[in-house]
Each structure stands twice: as C-alpha cells, then as structure tokens.
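Notes follow the structure.
There are 2 protein chains.
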Amino acid sequence: MISLAPVRTPRMNSEFDLPALTDGLVGDDLRDGDVLVVSSKFVAISEGRIVSLSSVLPRAEAREVAAKYGFSPQLCELILRESDEVIGGVPGFVLAVKSGLLTPNAGIDKSNIEHGRVVLYPRSPHQSAEFLREALKFRRGTVLGVVISDSRLMPMRRGTVGVALACSGLEGILDLRGKGDLFGNILRVTSQAIADDLSSAAQLLMGESDERTPIVLVRGVSETLLRGSEYESRDFAISSEECVYMRSLGYKAKRRNRQFS
Amino acid sequence: MISLAPVRTPRMNSEFDLPALTDGLVGDDLRDGDVLVVSSKFVAISEGRIVSLSSVLPRAEAREVAAKYGFSPQLCELILRESDEVIGGVPGFVLAVKSGLLTPNAGIDKSNIEHGRVVLYPRSPHQSAEFLREALKFRRGTVLGVVISDSRLMPMRRGTVGVALACSGLEGILDLRGKGDLFGNILRVTSQAIADDLSSAAQLLMGESDERTPIVLVRGVSETLLRGSEYESRDFAISSEECVYMRSLGYKAKRRNRQFS
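Here the protein sequences line up with chains L and A, keeping their order.
Numbered as in the working numbering, the first sequence ends at 579 without a single skipped number.
Numbered as in the working numbering, the second sequence ends at 579 without a single skipped number.
Printed below as a string of structure tokens:
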C-alpha cells in the first residue's frame, strides 16, 4: 500500500530555507523510506530563482524568436539562456531542449508568482534534491527519498501530468530489461519511470492553481526502489536519435546549441 | 490523503468475467468514491482481444511497413487495422495515431501473454470502464470511478509512465482555465490530466513484468473529481494542429487514414 499526504505550506515569493521550512511542516512521524515529492517551483523560489521580466535585456535572437511566436522578448531571452536548444514553437510557447529533455519554455513559468515576474527551474535540480535529503537526514536522522517535480504536457494529449526533474535516494528509473513477464517472455526494452510516476501521483494533491501544496509525502514505496542513487535531469533523457517519437516525426538534432528554425 | 492498494489477481490468458473476478478480489471495504485503475491489457484479455500472430494474413501495405521497420508483417497488419494513421517508426516500433492519440504500435503488446500471441487494446475502452463501473454498482451498490490504464513512453525521456485510455465516474481532465493561482494570476491554458496522473500513480504498484497486479484501488481522490462523467480516448486527445510538440516539430497531419511515410 502506498499513501500520499499533502504538506501545505505558506505562500512564498522570495528566497527561504527549504529544509528548515520542510522540517517544521512534515510533522513528527516522518519515517525511513518516506519520499518527499517537492514542486520544482517551490524549490526554485527557495533558491531565489525569480526574475523580473522588466530587468531582462533581450538579445537580437530573442527578439526574433519573440516576434515569431508572439510573446515577450524578455521571456524569450530567458528561455535562450536556460535552454540547450530551441526546436520550434507555437504562439505563446517555444519547445526547448534543456538538460537533454524536451521542455516547453525551458521550464520558465509565470504562474504562482507576482505579475511581471517569472520563476526559472532550480539551477541544479539534483543538487537541490540531494541538499534537501541530506539536510533532513542531518536534522532528523531519517533516510528519505526526494523527487523534484514539475508538470508537463504530453504530445497530442489534453492536460498536464507530473514529471521529475531530478531525484535523490531513490531509483528514478527501474530497468526491467532481462526480467521475465508472467509468461516467461523476456522484456527487452522496458524501463519504468518511477520518479515520473511519483510526480504524477503527487500532482493529484499538488494541483496547478492555489492549493498551497508544493510538497507531498509518499509512504510505502517499495524498498527495492529506495537506494542511495542520484538522478539528474540528463539521466531521465534519451537522445532524439533514440526516441521513437522524434525519429518517427523526422526530427534531426541540430549540431549547435541555441539554434532555432 | 490518497491511498493506493494493489489488487493481486490470478494470471489470465483467455476471456473471463471481469466484474465478477474484480468483485471477488477487492474485498469487503470498497467505498463510495473509490477509484479502480485497471490495466488495459487485463481488460482486453477479459474481452478476448487476443490474436495469434500466425493466424493473421498481412496485406501488401503491412509487408511494406514491416520491411521498413524490421518487424513482423503479421504484427504490422494488426497495427494497420487498429490505428487511424501510421506516422512513422524506428526498428521494432511504429508510431501510430489511434482514437486521436499517439500510440506506439497502436497499443498492441506481446508481453504478459503466451509467445506468438498479442493483446490488442479493448475494443471500446470507455465502454469497458462504464461496464465495470455499472456492474460493480449493481453487485455492491457502491459508486466507483474506473480508469483503464496503459503505460507509455514520453518523448526524449527514459522509461514508461501510466496513461489513461478512458475513464468513467470521474473527471478525467480538470479544466483550470479562469481559475486564479496563489497570486491571483488567471490561468489561461491549464488543465490537469487527472486520469493520467491516476494511471501513473497506479503504475507504481502494477509494475511492468510479473507483479500480477493489474488492478489498483485508489481511495481519497477529491470529491470534486468524482462525477458521473465518461471520458473516451478521444476526449484525452488534442489534434496535432493544437499540439505544441507536433507543431514545433513541423508535423503536418495527413489527410487519409493509414498512410505512412
């Protein structure tokens, strides 16, 4: 049995001590093997990764992208800074590659922050995950897993699902190659995105608007998944050459960073 | 608080009475508002949607697709029969559109069935969901939600996550447009894929190999999400013209069904 409990927090809009706040809110019964799923936005705010759009000076390339997709040159400038590559876009969105992953608008978001400001992704999500895990271990002696989660669209589907940016203390991807199924067929290509599944499960309680629930405590995750591993964003990525979607859609990776078509 | 409990079942390999089996296995404490997430493969087997590959006669087009992507003409024939359109592929996979959704191999799967046989998707997943929900209501007087789930890859990411094919008695997509966030910003495009989130949450217990857990009982889903709605696969779909991924990747929908490049 797996259980998910919401951890409600105050509304935050500038840098704060995430481990101290979390430690104060999770209550007394945190146990070894519990997993905290924490929204990337909450982590990013704790790290002060907030930018006032009016303070951003867009380069010529950013103005070009902005004109093409019909939105703010300042936001486009931040997207170019944050992403490895911009693949294309539609009005109001660009599809970027960040740390090897397809990420609309390079993860930059205008919601749940004051108007005129945006929140970037944490600078290094896996270091954020590891930092929170280590700090809570130091404070409480409890061995936890931590997942940093965001929400994202899937192609040709309506609505966002949870997605993991990084995790620590947990097997983020469960490799099933070589394992047998119920009929002894050997699985050849299967792996299971545990950290993404946990992010989606947590999204049921986090919501997307004013729920004030950026942390979800998950209990009962299989012990076999709780290990001292760290997964950074790149560990969740496969290249476009390996990807059935990108190859089927005829996408060819560009050689340079920060090109766009 | 949300809880997820695995419902272990016998291994099944031919048609069976899904509501009767489920009724016998879920135990006494099923409550109004509980949600059952059921694997599409288990539902499909209950409906006898199993095909021996040796019994399939491939058309010329299927032989062509098979030669191009290096796999069985019989399997390609089934994929053509099951899909609206084949977009492209890589060795061992074709990317098809089925009921408006991008679906590798049109959802046809060789795992967890005897060698030489494959399992198709349920013929009408939302009717399957509605049927199971109604039958359990009749048997027990309990008002449940039902989600039919599968697992699927996301582009440029490693590992599968849960995805919903249909649901009944549950708000599958939560529309948040017009709702305010914590700072009063109005959300303009956001909706949350509740049925997909539930499918991914359930996948943590279902696994992908020999877990014998094709049903997960979810308790504690917000009452606001439990409604008499039905969602079929098409309700989860957006067209390629609306999709930020497909448009950014330059995909143009083909006019006819069952074309491939």
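Just so it is clear, CB atoms sit at the ideal spot from N, CA and C, and this is done for glycine as well.
None of these values were measured; they are calculated from a predicted model.
Presumed contact (8 Å Cβ cut-off) between residue i and residue j, rounded CB distance
i: residue 319 (chain A); j: residue 321 (chain L); result: 6 Å
i: residue 486 (chain L); j: residue 433 (chain L); result: Contact flag wrong, Cβ pair sits at about 34 Å.
i: residue 458 (chain L); j: residue 341 (chain L); result: 7 Å
i: residue 476 (chain L); j: residue 555 (chain A); result: 7 Å
i: residue 353 (chain L); j: residue 525 (chain L); result: Contact doesn't hold; Cβ gap of about 19 Å is too wide.
i: residue 478 (chain A); j: residue 521 (chain L); result: About 17 Å; that fails the 8 Å criterion.
i: residue 567 (chain A); j: residue 419 (chain L); result: Rounded, the Cβ-Cβ distance is 15 Å, inconsistent with contact.
i: residue 489 (chain A); j: residue 543 (chain A); result: 5 Å
i: residue 441 (chain L); j: residue 367 (chain L); result: 7 Å
i: residue 484 (chain A); j: residue 551 (chain A); result: 6 Å
DSSP three-state assignment for residue i, whether helix, strand or coil
i: residue 550 (chain A); result: coil
i: residue 485 (chain L); result: strand
i: residue 478 (chain L); result: strand
i: residue 490 (chain L); result: coil
i: residue 511 (chain L); result: coil
i: residue 403 (chain A); result: strand
i: residue 438 (chain L); result: coil
i: residue 341 (chain A); result: helix
i: residue 324 (chain A); result: strand
i: residue 331 (chain L); result: coil
i: residue 471 (chain L); result: strand
i: residue 462 (chain L); result: coil
i: residue 411 (chain A); result: strand
i: residue 498 (chain L); result: strand
i: residue 352 (chain L); result: coil
i: residue 358 (chain A); result: helix
i: residue 429 (chain A); result: coil
i: residue 368 (chain L); result: strand
i: residue 421 (chain A); result: strand
i: residue 556 (chain A); result: coil
i: residue 570 (chain A); result: coil
i: residue 535 (chain L); result: strand
Residue i burial status per 10 Å Cβ neighbour count (16 or more: buried)
i: residue 559 (chain L); result: exposed
i: residue 456 (chain L); result: exposed
i: residue 345 (chain L); result: exposed
i: residue 480 (chain L); result: buried
i: residue 377 (chain L); result: exposed
i: residue 335 (chain L); result: exposed
i: residue 428 (chain L); result: buried
i: residue 496 (chain A); result: exposed
i: residue 372 (chain L); result: exposed
i: residue 365 (chain L); result: buried
i: residue 532 (chain L); result: buried
Close Cβ partners of residue i (< 6 Å) along its chain, the five nearest in sequence each way excluded
i: residue 482 (chain L); result: 465, 467, 513, 514 and 517
i: residue 405 (chain L); result: 413
i: residue 574 (chain L); result: Annotation note: pLDDT 42 at residue 574 (chain L) (below 50); position unreliable, no value reported.
i: residue 323 (chain L); result: 535
i: residue 577 (chain A); result: Legend: pLDDT at residue 577 (chain A) = 43, less than 50; position of this residue unreliable, no value from coordinates given.
i: residue 361 (chain L); result: 440, 446 and 466
8 Å CB neighbourhood of residue i in its chain, flanking five on each side removed
i: residue 565 (chain A); result: 558 and 559
i: residue 363 (chain L); result: 330, 331, 332, 333, 334, 431 and 437
i: residue 400 (chain L); result: 414, 416, 424, 425, 426, 438 and 439
i: residue 472 (chain L); result: 479
i: residue 491 (chain A); result: 509, 510, 511, 512, 513, 549, 553 and 554
i: residue 409 (chain L); result: 387, 388 and 389
i: residue 327 (chain L); result: 339, 343, 360, 530, 531, 532 and 533
i: residue 562 (chain L); result: none
Own chain partners of residue i with C-beta closer than 7 Å, once the 5 adjacent residues on each side are dropped
i: residue 338 (chain A); result: none
i: residue 369 (chain L); result: 396, 435, 436 and 438
i: residue 579 (chain A); result: With a pLDDT of 37 at residue 579 (chain A), under the threshold of 50, the modelled position of this residue cannot be trusted; read the value that follows with caution. Here the set comprises 406.
i: residue 453 (chain L); result: 337
i: residue 374 (chain L); result: 392, 395 and 396
Heavy atom of the ligand ADP within 7 Å of residue i beta-carbon
i: residue 538 (chain L); result: Questions concerning the ligand ADP fall outside what the structure shown contains, since it holds no ligand whatsoever.
task = Could you list the residues in the region 443-476 of chain L with a C-beta less than 9 Å from some C-beta on chain A, going in chain order?
result = Listed by position, the residues of the region 443-476 of chain L near chain A (Cβ gap below 9 Å) are 469, 470, 471, 472, 473, 474, 475 and 476.
ask   = What are the residues of the region 324-358 of chain A that lie near chain L, defined by any Cβ-Cβ distance shorter than 8 Å?
value = So the close ones are 324, 329 and 331.
Positions along the region 547-576 of chain L whose CB lies within less than 9 Å of some CB in chain A = Listed by position along the chain: 553, 554, 555, 556, 557, 558, 560, 561, 562, 563, 564, 565, 566, 567, 568 and 569.
inquiry  = Residues of the region 357-387 of chain L in Cβ contact with chain A at a cutoff of 7 Å, in chain order, please.
reply    = If you check each beta-carbon in the region 357-387 of chain L against every beta-carbon of chain A, none falls closer than 7 Å.
message = Short of 7 Å Cβ to Cβ, which residues in the region 400-414 of chain A face chain L?
response = Of all residues in the region 400-414 of chain A, 405, 406, 407, 408, 411 and 413 have a Cβ within less than 7 Å of some Cβ in chain L.
query = What residues from the region 475-500 of chain L come within 9 Å of chain A, judged by C-beta to C-beta, listed N to C?
reply = Answer in chain order: 475, 476, 477, 478, 479, 480, 481, 490, 491, 492, 493, 494, 497, 498, 499 and 500.
Members of the region 417-443 of chain L near chain A, C-beta cut-off 8 Å = Taking 8 Å as the cut-off between beta carbons, the residues of the region 417-443 of chain L near chain A are 418, 419, 420, 422, 428, 429, 430, 431, 432 and 433, in sequence order.
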